[in-house]
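Only one structure is covered here, and it is reproduced in the block below.
Number of protein chains: 2
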Amino acid sequence: MDTPAADAETTLRTPRERARAQTIADIVRLGREHLATHGAAALSLRAVARDLGVVSSAVYRYVANRDELLTLLLVDAYSELGDAVDAAVNAVPEHDFDGRFKALGRAVRAWALREPARYGLLFGSPVPGYQAPSSQTTTPGTRVIYRLIGILDGAYRAGALTKPARTAVVPSALSDDLEVIRSELGLAMPDELQANGALVWTSIFGAVSFEVFGQYGPDAFRARGELFEHHLTVLAAMAGLVPDGNPRDAPGAAATPLYSRPPAE
Amino acid sequence: MDTPAADAETTLRTPRERARAQTIADIVRLGREHLATHGAAALSLRAVARDLGVVSSAVYRYVANRDELLTLLLVDAYSELGDAVDAAVNAVPEHDFDGRFKALGRAVRAWALREPARYGLLFGSPVPGYQAPSSQTTTPGTRVIYRLIGILDGAYRAGALTKPARTAVVPSALSDDLEVIRSELGLAMPDELQANGALVWTSIFGAVSFEVFGQYGPDAFRARGELFEHHLTVLAAMAGLVPDGNPRDAPGAAATPLYSRPPAE
DNA sequence: GGCTGTCAAGAGCAGTGCTCTCAATTGTTG
DNA sequence: CAACAATTGAGAGCACTGCTCTTGACAGCC
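Line order of the protein sequences matches chains B and F. Quick note, this note's numbering runs 1 ahead of the 1-based positions in the first sequence. Quick note, this note's numbering runs 1 ahead of the 1-based positions in the second sequence.
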């Protein structure tokens with residue numbers, strides 16, 4: 002776990018390869034520390050080299066350039082966030098969709114507050130001149146959203162996702178987009194719930210980003226944990242999730258989810 | 002409008018002061034261009050000096066350091082965003098609260114897509130080592146949220162803000178925070194609507210940030226305008242706004258807003 | 001017209017990413 | 001075990017950055 006590159010394929014045979022993998026792991030570890038303390042844009046290969054006790058040019062034997070190190074750190078951060086989210090979600094019973102949704106949200110927020118600079122690298126303004134290679138970053142970068150979709154779609158299939166009080170009409174072009182996603186991921190959710198889910202997704206990160214990036218200002222909202230909990234509750238309702246064993250206003254309404262079959266209209 | 006520093010106080014008397022103000026305005030203008038093309042972290046005083054046709058050290062006669070130029074650009078961007086939002090909102094009739102809300106959201110998104118780097122400076126990851134001086138940035142930086150609050154509170158006072166289908170309980174510490182804001186701004190909205198309004202606020206910027214920062218990936222959601230319109234509609238409902246002359250599902254329900262007086266419970 | 005304040009220029013320091021060459025170390029193989 | 005070859009680290013160097021300091025020239029003001 003400390004050396005994420007060491008177990009890349011099988012066990013590395015030659016001592017050279019082992020030493021090389023260890024050095025790369027050290028570089029990533031030091032880069033992660035610099036990232037956490039100084040931010041993404043201030044990440045310096047020379048500083049990493051100094052901490053490694055090596056001259057700057059030597060680092061280029063292991064990492065092609067600064068962008069490649071950024072990519073390694075991006076994957077590293079995405080993976081750690083994904084692990085944190087998975088662990089938090091798995092700790093909640095599978096049938097408790099509302100609880101799993103909130104656990105996901107809390108895990109994202111907790112990780113972001115613990116690692117503000119790395120969160121900024123993932124979800125903040127893009128680093129100028131750096132374009133993440135999607136071949137390496139999409140898989141770890143989509144773990145959280147796929148997990149969220151899995152929770153919502155699982156709830157829908159289990160009849161635990163009721164149509165929210167107000168949805169909005171989904172125009173045709175957007176409906177096509179949603180259909181692509183639905184077929185690619187094998188989802189069952191109809192357009193409205195899927196579109197609301199997308200909003201829930203961005204809203205979670207909007208709330209977390211505001212807190213991590215200091216948009217609230219220094220004074221407003223001292224009880225930010227409570228504020229986030231409130232937001233999670235409202236967002237769960239927006240997604241159509243019903244708290245486990247606590248169906249909305251009228252008891253019994255949750256037993257007949259509106260979308261157990263396609264709407265007649 | 003082209004020289005934001007020129008009309009700081011009264012008309013500048015001496016030619017020296019006029020020339021100085023003009024130079025500072027030029028520096029801000031060039032800095033804005035560099036910001037737009039290369040991003041915040043890559044903003045270089047030397048590059049600005051080159052474009053200004055002057056040696057690098059000369060810029061320090063007008064701007065104390067890179068951070069002060071960043072502050073000037075921050076205020077500049079906040080003001081332009083605020084102007085764009087104000088113009089868009091004012092173009093909608095005062096009583097059309099739902100229309101004004103959506104105009105605000107659309108204005109934020111349009112400006113952000115037009116000026117991604119400057120949007121990133123305002124709402125993205127903070128620039129490493131730079132702390133915005135709140136004395137200069139809070140006033141322009143709070144224009145949009147104050148405008149949003151004004152729309153929502155105006156709607157509440159006019160009876161056009163109905164309690165959404167689902168709200169969440171507001172715990173005491175958060176309630177205290179909301180009370181501070183309510184008394185400072187002279188708001189009438191109760192806790193639940195205020196808390197939902199905060200979520201609406203962060204959700205708008207979450208959706209815009211995802212789009213501007215490329216979080217959707219290159220393929221997903223081609224109809225992003227429609228997606229955002231959908232989100233605005235759902236968020237308006239979450240805020241409790243009722244479309245003008247189009248009360249929710251049951252006609253007549255909007256005529257008796259739940260919060261015309263404090264809830265009995 | 002002369003004084004004074006303001007200004008641009010240039011050199012310089014410390015830092016950055018990155019490339020190249022050279023020497024030494026180290027693992028592998030005959 | 002010794003020779004070879006691959007790998008590695010060191011160092012110099014280029015072009016860039018923010019920022020400071022000194023010097024000399026210019027222009028406004030009394």
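Ideal Cβ positions, reconstructed from N, Cα and C, are used throughout, including at glycine. This structure is a prediction, so every number in the text was calculated from the model and none was measured.
Straight-line Cα distance separating Q137 (chain B) from E18 (chain B):
Answer to the nearest angstrom: the Cα atoms are 22 Å apart.
For L242 (chain B), does the three-state DSSP call read helix, strand or coil?
In this structure, L242 (chain B) counts as strand in the three-state DSSP scheme.
Top-ranked residue by Cα proximity to L71 (chain B), from B:E34, B:A88, B:N91 and B:L53
Ranking the options by Cα distance to L71 (chain B), first place goes to B:E34.
Length of the line joining the Cα atoms of A37 (chain B) and Q195 (chain F)
Each residue's alpha carbon lies about 34 Å from the other.
Secondary structure of L44 (chain B), DSSP reduced to three states:
Coil at L44 (chain B), not helix or strand.
Going along the chain, which residues of the stretch 25 to 42 of chain B sit with their C-beta nearer than 8 Å to a C-beta in chain F?
Against chain F - using a Cβ distance shorter than 8 Å - the residues of the stretch 25 to 42 of chain B are H39, G40, A41 and A42.
Name the chain F residues that come within less than 8 Å of R228 (chain B), Cβ to Cβ?
Reading off the sequence, residue 228 (chain B) comes out as Leu, not Arg. Per Cβ cutoff of 8 Å: L175, D178, A196 and A199.
By how many angstroms is the C-alpha of A240 (chain B) removed from the C-alpha of Y147 (chain F)?
Taking the straight line from one Cα to the other gives about 28 Å.
Just the chain B side, please: which residues come within less than 9 Å of M190 (chain F) by C-beta, in chain order?
Chain B residues near M190 (chain F): none, gap ~15 Å exceeds 9 Å.
What did DSSP end up calling Y188 (chain F) once you bin it into helix, strand or coil?
Per the sequence presented here, residue 188 (chain F) reads as Leu, with Tyr not at that position. Taken through DSSP and simplified to helix, strand or coil, L188 (chain F) comes out as coil.
Count the C-beta pairs between the stretch 204 to 221 of chain B and the stretch 113 to 128 of chain F that are closer than 8 Å, then say yes if the count reaches three, no if not.
The stretch 204 to 221 of chain B, when compared against the stretch 113 to 128 of chain F, does touch it at the 8 Å Cβ threshold.
Below 7 Å CB to CB, which residues in the same chain sit around S89 (chain B) once its five sequence neighbours on both sides are set aside?
The amino acid at residue 89 (chain B) is misidentified as Ser; the sequence shows Ala. These residues qualify, in order along the chain: A104, L105, R107 and A108.
Cβ atoms of T203 (chain B) and A43 (chain F): under 7 Å apart, would you say?
For A43 (chain F) and T203 (chain B), no; Cβs fall outside 7 Å.
Would P141 (chain F) count as contacting chain B if we go by Cβ distances under 7 Å?
Proximity of P141 (chain F) to chain B, defined by a Cβ-Cβ separation below 7 Å, is not satisfied.
To the nearest angstrom, how far is it from the Cα of A20 (chain F) to the Cα of Y63 (chain F)?
Between A20 (chain F) and Y63 (chain F), the alpha-carbon positions lie close to 11 Å from each other.
Cross-chain neighbours of S204 (chain B) in chain F, by beta carbon under 8 Å
Close to S204 (chain B), with beta-carbon spacing below 8 Å, are these residues of chain F in chain order: L200, T203, S204, G207 and A208.
Report the CB separation of P165 (chain B) from A238 (chain B) in whole angstroms; it is logged as a contact under 8 Å.
The Cβ separation is near 6 Å, so the contact holds.
Which residues in chain B sit within 9 Å of S136 (chain F), going by Cβ to Cβ distance?
Correct list: empty, because the minimum Cβ distance to chain B is about 12 Å.
Minimum C-alpha distance to A133 (chain B) - residue among B:D87, B:Y120, B:L73 and B:D97
If you compare the alpha carbons of B:D87, B:Y120, B:L73 and B:D97 with that of A133 (chain B), the shortest gap goes to B:L73.
Report buried or exposed for D220 (chain F), applying the criterion of at least 16 other Cβ atoms within 10 angstroms of its Cβ.
If you draw a 10 Å sphere on the C-beta of D220 (chain F), you find fewer than 16 other C-beta atoms in it, and that means exposed.
is_contact[R223 (chain F), chain B] using C-beta, thresh 7 Å
Put simply, the CB of R223 (chain F) is near chain B, with a gap under 7 Å to one of its CB atoms.
Which value, in whole angstroms, describes the spacing of the CA atoms of A161 (chain B) and R67 (chain B)?
Distance between the alpha carbons of A161 (chain B) and R67 (chain B) is about 47 Å.
Q23 (chain B): first and last residue of the uninterrupted alpha helix (DSSP H) it sits in
Q23 (chain B) -> alpha helix (DSSP H) spans P16 to H39.
Could you give the distance in angstroms between the alpha-carbon of L175 (chain B) and the alpha-carbon of Y120 (chain F)?
Taking the CA atoms as reference points, L175 (chain B) sits about 25 Å from Y120 (chain F).
Would a C-beta distance cut-off of 7 Å place A113 (chain B) and G40 (chain B) closer than the cut-off?
Contact: no.
Nearest to D99 (chain F) by alpha carbon, out of F:I150, F:G130, F:R225 and F:T139?
The closest CA to that of D99 (chain F), considering only F:I150, F:G130, F:R225 and F:T139, is found on F:I150.
Looking only at DSSP bridge pairs, what is L162 (chain B) linked to?
Paired residue(s): B:L242.
Start and end residues, alpha helix (DSSP H) containing Y79 (chain B):
Membership of Y79 (chain B) in the alpha helix (DSSP H) is indicated by the continuous run R67 to N91.
Cβ shell of A85 (chain F) (< 7 Å), same chain only, five flanking positions each side left out:
When the five nearest sequence neighbours on each side are left out, the beta carbons in the same chain lying within less than 7 Å of the beta carbon of A85 (chain F) are those of A108 and W112, in order along the chain.
Any chain F beta carbon closer than 7 Å to F211 (chain B):
Taking Cβ atoms only, chain F reaches closer than 7 Å to F211 (chain B), which makes this a yes.
Given a threshold of 16 other Cβ atoms within 10 Å of its Cβ, counted over all protein chains shown, does D177 (chain B) qualify as buried or as exposed?
With fewer than 16 other Cβ atoms within 10 Å, it is exposed.
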